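Chains as they are written, first to last, in the working numbering: chain F, 143 to 282; chain X, 143 to 282. The beta carbon of each residue, even a glycine, is placed where N, CA and C say it ideally should be. These numbers were taken from a predicted model, which means no experiment stands behind them. Only one structure is covered here, and it is reproduced in the block below.
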DNA sequence: CAAAAACTTGACTATTTTAGTCGGGTATAT
DNA sequence: ATATACCCGACTAAAATAGTCAAGTTTTTG
Ligand code: FES
Ligand code: FES
């Protein structure tokens, strides 16, 4: 039950932006240096963040990325969604007629996994990017 | 963010046992047929459940497995633990001196992931196997 | 204008993890 | 005896993941 690194880095990078942008664009190069994440990897991640309207870009010298929403408004669930990091603890589709084992009825554990998904998703729904910044001592 | 099938099948199989055992041992063959899980795979799973004292076995004809605790007492977290399905949403070790990016201080997001782990683990801690059986209509 | 900074994009690959199988056991009830 | 059912380590194919590469385009600044 692990989160993939793409999502982890995305949250990390956006948190970095929230701290270090002073209404300026933040370049991936700077984030890469501060957070120790590969620049090439960040590019790939920000491509998706941009496509999903989490950030907007400024090209050219002194360019970089800018958060579209304020950290107080940006939900962690928005970030994960942008990276296709769905919280689906099992493969069985909620709306499909087929159960996880190919039978026509839902299996004995189905409702339980549904509850789990809701439990986890609500955590991400209720957390804002700004919530991560509260104890700034923890920052690098 | 997915649960692996081993854990999923383990919960499913144990729920099956809770429903169909009448103080008798339940054979893997029966579980396999009822739940549509490969017998060979079940054997591998129950090996671990046995080693971790979730079930005990009865060999020979009419043998099978028996739940050690009652479904009311068996926590889902116990089951996951038996299968090494740790809920560790990131790789960073809690107690280690090293952060996720190799630096000596904890990264900006560290506490957040810790909270997430606690959130998910408490869900599994508070659910008992018997909780899955409440709406028996859902069973196959 | 030239050059550097920085974003854009798709494709590509090595590694790791996962899911599931195989083969050859051993114990026990009837 | 023999069928049933647990025991156990090793093995493999397929999928997911993490991360790289190559070849751009755009904009600022000297
Ligand atoms: S039918 Fe949905 S999890 Fe089994
Ligand atoms: S230091 Fe623990 S998650 Fe980054």
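For residue 199(X), the enclosing beta strand (DSSP E) begins and ends at 197-200.
For residue 274(F), the closest C-alpha among the options 144(F), 145(F), 154(F), 259(F) is that of 154(F). The C-beta separation of residue 217(F) from residue 231(X) comes to about 17 angstroms, leaving the pair out of contact by the 8 angstroms criterion. Closer than 8 angstroms to the CB of residue 152(F) there is not a single CB belonging to chain X. Along the length of the segment 167-235 of chain F, whole alpha helix (DSSP H) runs at least 4 residues long occupy 170-177, 181-193, 218-224, reported in chain order. Taking residue 146(F) as reference, the option from 267(X), 257(X), 234(X) with the minimal CA-CA separation is 234(X). As the crow flies, the alpha-carbon of residue 167(X) is around 26 angstroms from that of residue 245(F). At a cut-off of 8 angstroms between beta carbons, residue 203(X) makes no contact with chain F.
Distance from the Cα of residue 271(F) is smallest, within the candidate group 214(F), 192(F), 173(F), for 214(F). By the neighbour-count definition (other C-beta atoms within 10 Å, threshold 16), residue 260(X) is an exposed residue. Going by beta carbons, residue 228(X) and residue 187(X) fall outside the 8 angstroms limit. Residues of chain F whose Cβ lies closer than 8 angstroms to the Cβ of residue 173(X) do not exist; the shortest such Cβ separation is about 11 angstroms. Counting the other Cβ atoms within 10 Å of the Cβ of residue 269(X) gives 16 or more, which makes it buried.
Any heavy atom of ligand 2 counts here; residues with a Cβ closer than 6 angstroms to one of them, in chain order, are 232(X), 234(X), 241(X), 242(X), 248(X), 249(X), 251(X), 252(X), 255(X). Its Cα nearest to that of residue 194(F), the residue 152(F) stands out among 251(F), 203(F), 152(F), 252(F). Contact between residue 226(F) and residue 196(F) fails: their C-beta atoms lie close to 13 angstroms from each other, not under 8 angstroms. When secondary structure is reduced to three states using DSSP, residue 276(F) falls in the coil class, being assigned neither helix nor strand.
Across the set 250(X), 159(X), 276(X), the C-alpha of 159(X) shows the shortest separation from the C-alpha of residue 199(X). Taking 8 angstroms as the threshold, the shortest C-beta distance from residue 143(F) to chain X falls below it. Within the segment 245-264 of chain X, the residues whose Cβ lies closer than 7 angstroms to some Cβ of chain F are 245, 247, 248, 249, 250, 251, 252, 253, 254, 258, 261, 262, listed in chain order.
In this structure, the beta-carbon distance from residue 163(F) to residue 208(F) falls below 8 angstroms.
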